[in-house]
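K.L.:
Protein sequences appear in the order of chains X and H.
Under this note's numbering, the first residue of the first sequence carries the number 47, and numbering increases by one thereafter.
Under this note's numbering, the first residue of the second sequence carries the number 2, and numbering increases by one thereafter.
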Amino acid sequence: MNQLRRLILKGGGAGGVLACALAAGLLRPSRAHAAEWNKAAFESKSLADALKHIGAAGAAESADIHIKAPEVAENGAVIPIEVTCRLPGAESIALLAEKNPFPLMAQAELAGGTEGYLNTRFKMGQTSAVKVVVRAGGKHYIASREIKVTIGGCGG
Amino acid sequence: MAEPMKIRTKMVDGSAHVFVLMMHPMETGQRKDPRSGQVFPAHFIQHVTATVNDKPVLNMQCGPAISKNPVIGFRVKDARPGDRLAVAWEDNKGDKARAEATIA
C-alpha cells in the first residue's frame, strides 16, 4: 500500500497537483459502453488466437514501438511496462504475454488526441515474451520483449 | 466498497500526462485458498474509460493479468490546464467507480 503511494506520487512528479477526487459515480445508472468486453480475445488461451480475436493476425514487426520494462522482474505480480509508440496516428495499444494462461492482458483504444503511450503494471506467471500490438492508420504493428520472471504472479 | 481513485496530472510540452491509481483486488480466478483449496473467484476491472471535457480520450479493456490496484498512465495531447478529466471503471461483477479531476 505504502509502496503504491510512493509510486504514484513519484509518477506524478513534484510539480503535479494532488487531485484526489471522490468516487462519485457509484450510484449512477449503468453507462453504455462504446464496445463490449472482448470476451473471445481475453479468453483465448494461445497468443495466435488472441491476436486473431483482436484482428491483429499477421501484424508487421515495427521498430517504432518502444517497450520499457525490466529485463528481469523479481515479482511477477507487479511488472511495470511503459509503451511509447512513434507511429503516427496510433489508435489502439494491446498488451499480450505469450505464456500467460490468457495471453491478452489489456487493450486500450486511444481517442481525441491521446498519444501513442500507455503505462501500466501487469502480472506474469513465468518468463515469457511480452508483445505489444499497436493499430495505427488501420494497420497493426507488433513489437516484442522478453521478460524474465523469478517469482510468478498468477498462481496460488 | 470501492476506495477512491487517485488521479494525478501534469502538463509536459502541451500534453497532459495522466496517472490513475485504482483500488481493486484484480483477482485472476486462478489463485487457490491454501487452506480450503477453493479457488478465489475472478474479480477484475474490465473497462476503464477516460474523458476530457466529456470527450472520450481512452477506452481500455482489461483482463485479469493487470496487477492488483491497477495503475494506468496515458498522455492527452490537446488538453489544457483547467480541463475536466473524468475516469471511470467497471469490473466483471458490475461494480463501478468514477472520479474527476482538473488538469493541472
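We put the beta carbon where it would ideally sit given N, CA and C, even for glycine.
Would you mind sorting residue 138 of chain X into buried or exposed? The rule is 16 or more other CB atoms within 10 Å of its CB.
P.N.:
Mapped onto the first sequence, residue 138 of chain X falls at position 92. With 16 or more other Cβ atoms within 10 Å, it is buried.
K.L.:
Can you tell me which of the three DSSP states residue 88 of chain X falls into?
P.N.:
On the first sequence, position 42 is the one that residue 88 of chain X refers to. Three-state DSSP puts residue 88 of chain X in a helix.
K.L.:
Does residue 69 of chain H come out as helix, strand or coil in the three-state DSSP assignment?
P.N.:
Stepping through the second sequence from its first residue, residue 69 of chain H is reached at position 68. Coil, per DSSP.
K.L.:
Quick check: is the beta carbon of residue 187 of chain X nearer than 9 Å to any beta carbon in chain A?
P.N.:
The displayed structure is made up of protein chains X and H, and chain A is not among them.
K.L.:
Three-state secondary structure (DSSP) at residue 93 of chain X?
P.N.:
Taking the first sequence and counting its residues from 1, the one referred to as residue 93 of chain X is at position 47. Residue 93 of chain X: helix per DSSP, three-state reduction.
K.L.:
What does a CB cutoff of less than 6 Å around residue 196 of chain X pick up in its chain, not counting 5 residues either side in sequence?
P.N.:
In the first sequence, the residue the question calls residue 196 of chain X occupies position 150. For residue 196 of chain X, where only same-chain residues beyond five positions count, the Cβ hits under 6 Å are 120.
K.L.:
By DSSP, does residue 94 of chain H sit in helix, in strand, or in coil?
P.N.:
Residue numbering aside, residue 94 of chain H sits at position 93 when the second sequence is read from its first letter. Looking at residue 94 of chain H - three-state DSSP - the assignment turns out to be coil, as it is neither helix nor strand.
K.L.:
Measure the alpha-carbon distance for residue 77 of chain H versus residue 165 of chain X and round it to whole angstroms.
P.N.:
Taking the first residue of the second sequence as position 1, residue 77 of chain H is located at position 76. Taking the first residue of the first sequence as position 1, residue 165 of chain X is located at position 119. C-alpha separation (whole angstroms): 13 Å.
K.L.:
If we count the other Cβ atoms within 10 Å of its Cβ and call it buried at 16 or more, is residue 14 of chain H buried or exposed?
P.N.:
For the purposes of this step, residue 14 of chain H is taken as the residue at position 13 of the second sequence. Exposed, since its Cβ has fewer than 16 Cβ neighbours within 10 Å.
K.L.:
Quick check: what's the CA-CA separation for residue 112 of chain X versus residue 94 of chain H?
P.N.:
Locating residue 112 of chain X in the first sequence gives position 66, where the first residue counts as 1. Locating residue 94 of chain H in the second sequence gives position 93, where the first residue counts as 1. Those two C-alpha atoms are separated by around 34 Å.
K.L.:
Whole-angstrom Cβ separation of residue 147 of chain X and residue 93 of chain X, contact assumed at under 8 Å?
P.N.:
In the first sequence, residue 147 of chain X corresponds to position 101, counting from 1. In the first sequence, residue 93 of chain X corresponds to position 47, counting from 1. Actually they are not in contact, since the Cβ atoms of residue 147 of chain X and residue 93 of chain X sit about 12 Å apart, beyond 8 Å.
K.L.:
Examine chain H for any beta-carbon lying closer than 9 Å to the beta-carbon of residue 196 of chain X, and answer yes or no.
P.N.:
Taking the first residue of the first sequence as 1, we reach residue 196 of chain X at position 150. Residue 196 of chain X does not count as touching chain H.
K.L.:
May I ask you to list, following chain order, the residues of the region 34-61 of chain H that have a beta carbon less than 9 Å from some beta carbon of chain X?
P.N.:
34, 35, 40, 41, 47, 48, 49, 50, 51, 52, 53, 56, 57, 58, 59, 60 and 61
K.L.:
How big is the Cα-Cα spacing for residue 167 of chain X and residue 53 of chain H?
P.N.:
Along the first sequence, one-based indexing puts residue 167 of chain X at 121. Along the second sequence, one-based indexing puts residue 53 of chain H at 52. Between residue 167 of chain X and residue 53 of chain H, the C-alpha separation is close to 23 Å.
K.L.:
Taking the beta strand (DSSP E) that residue 130 of chain X belongs to, which residues open and close that run?
P.N.:
One-based indexing of the first sequence puts residue 130 of chain X at position 84. Here the beta strand (DSSP E) through residue 130 of chain X covers 125-131.
K.L.:
Report the three-state DSSP secondary structure of residue 99 of chain X (helix, strand or coil).
P.N.:
Position 53 of the first sequence holds residue 99 of chain X. Reduced to three states, the DSSP call for residue 99 of chain X is helix.
K.L.:
What three-state label does DSSP hand residue 74 of chain H in the structure shown?
P.N.:
Within the second sequence, numbered from 1, the residue matching residue 74 of chain H stands at position 73. DSSP places residue 74 of chain H in strand when its eight states are reduced to three.
K.L.:
Within the 9 Å Cβ cut-off, does residue 169 of chain X reach chain H?
P.N.:
Indexing the first sequence from 1 puts residue 169 of chain X at position 123. For residue 169 of chain X, the answer is yes, since a Cβ of chain H falls inside 9 Å of its Cβ.
K.L.:
So residue 125 of chain X and residue 115 of chain X are supposed to be a Cβ contact under 8 Å. How far apart are they, rounded?
P.N.:
Sequence index remark: in the first sequence, residue 125 of chain X carries index 79 (1-based). Sequence index remark: in the first sequence, residue 115 of chain X carries index 69 (1-based). Their Cβ separation, rounded to whole angstroms, is 6 Å, which keeps residue 125 of chain X and residue 115 of chain X in contact under 8 Å.
K.L.:
Under a Cβ-count criterion, where at least 16 other Cβ atoms within 10 Å of its own Cβ denotes burial, should residue 136 of chain X be classed as buried or exposed?
P.N.:
Walking along the first sequence from the start, residue 136 of chain X turns up at place 90. Counting Cβ neighbours within 10 Å, residue 136 of chain X comes out buried, since at least 16 surround it.
K.L.:
Using a Cβ-Cβ cutoff of less than 6 Å, which residues in the same chain neighbour residue 110 of chain X once the five nearest sequence positions on both sides are dropped?
P.N.:
Here residue 110 of chain X corresponds to residue number 64 of the first sequence, with the count starting at 1. Correct list, in chain order: 132 and 133.
K.L.:
Please determine, among H:29, H:34, H:74 and H:84, the residue with the shortest C-alpha to C-alpha distance to residue 60 of chain H.
P.N.:
On the second sequence, residue 60 of chain H is found 59 positions in, with the first residue counted as 1. Considering only alpha carbons, the answer is H:74.
K.L.:
Along the chain, where does the beta strand (DSSP E) that runs through residue 33 of chain H open and close?
P.N.:
Residue mapping note: residue 33 of chain H aligns to position 32 of the second sequence, counting from 1. No beta strand (DSSP E) holds residue 33 of chain H; DSSP gives it neither H nor E.
K.L.:
Using a beta-carbon distance cut-off of less than 9 Å, what residues from the region 69-91 of chain H approach chain X?
P.N.:
69, 70, 71, 72, 73, 74, 75, 76, 77, 78, 79, 80, 86, 87, 88, 89 and 91
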